[in-house]
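Engineer: First, the structure itself, so that you have it in front of you.
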Amino acid sequence: MENFVLAGGCFWCLDAVYRTLRGVDDVVSGYTGGSVPNPSYELVCTGATGHAEAVRVDFDPDVIPREVILDVFFTLHDPTQLNRQGADVGTQYRSAMFFQEDGQRELFEQARDRAAEWWPGDIVTTIEPLGEYYPAEEYHQDFFAKNPGQGYCLAVALPKVNKIRRSYADFVVA
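If you read the sequence shown in our numbering, its first letter stands for residue 185, the second for the next number, and so on.
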């Protein structure tokens, strides 16, 4: 198993999408990239911690290629929006990839370069070293599956899940 730590807006959307893919063993929503130890959701939402809402995607690269995990990331959010995704505004919603070693950094740079060919405008996704990763509160884990009728899930997460199901059908769990 390997894992990537990725941030692209609200972690509920990333969590919902990655859980639909074959080869993904687990997704853990959390916070990273900031300076406050053990932050709460409420504190991260203020934008004062420097942390981004992120997911740790644990996957088997023999089942789903690393490049697919990363291309899904660049497909499911808009990497040209600085410190926001739609109505979610603030540095906690930034587009970022957190590398654990130089090999990951290189993979992330290659994925960002590929995405630059698909997106009009400049990619603002940062590639940062992974510091401490703090799992989010339990109610954030697998939020979409636990709250399918919730307004944000219906309006924002579900369209992203459906987009990935169409675009990456070969990797979607049946």
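Where is the CB? At the ideal position from N, CA and C, for every residue including glycine.
1) Quick one: grab the DSSP three-state call for Ala300.
2) I'd like the list of long-range same chain contacts for Phe283, defined as Cβ closer than 7 Å, with 5 residues on each side in sequence excluded.
3) Return the first residue and the last residue of the beta strand (DSSP E) that Tyr215 is part of.
4) Return the chain-ordered list of same chain residues with a C-beta closer than 8 Å to the C-beta of Thr275, the five sequence neighbours on each side being excluded.
5) Alpha carbon to alpha carbon, how far is Arg278 from Asp246? Give it in angstroms, no decimals.
6) What runs of the alpha helix (DSSP H), each 4 residues or longer, lie entirely inside the region 240-303?
7) With three or more beta-carbon pairs closer than 8 Å as the criterion, would you say the region 329-347 touches the region 194-207?
Structural biologist: Here's the rundown:
1) Helix.
2) Within the same chain, Phe283 has close Cβ partners Arg289, Phe292, Ile311, Pro313, Leu314.
3) Under the DSSP assignment, Tyr215 falls in the beta strand (DSSP E) whose first and last residues are 208-216.
4) Closer than 8 Å at Cβ, skipping near neighbours: Gly231, Gly234, Ala236, Asn267.
5) So the two alpha carbons sit approximately 30 Å from each other.
6) Counting whole runs of 4 or more residues, the region 240-303 contains the alpha helix (DSSP H) stretches 250-260, 286-302.
7) A contact exists between the region 329-347 and the region 194-207.
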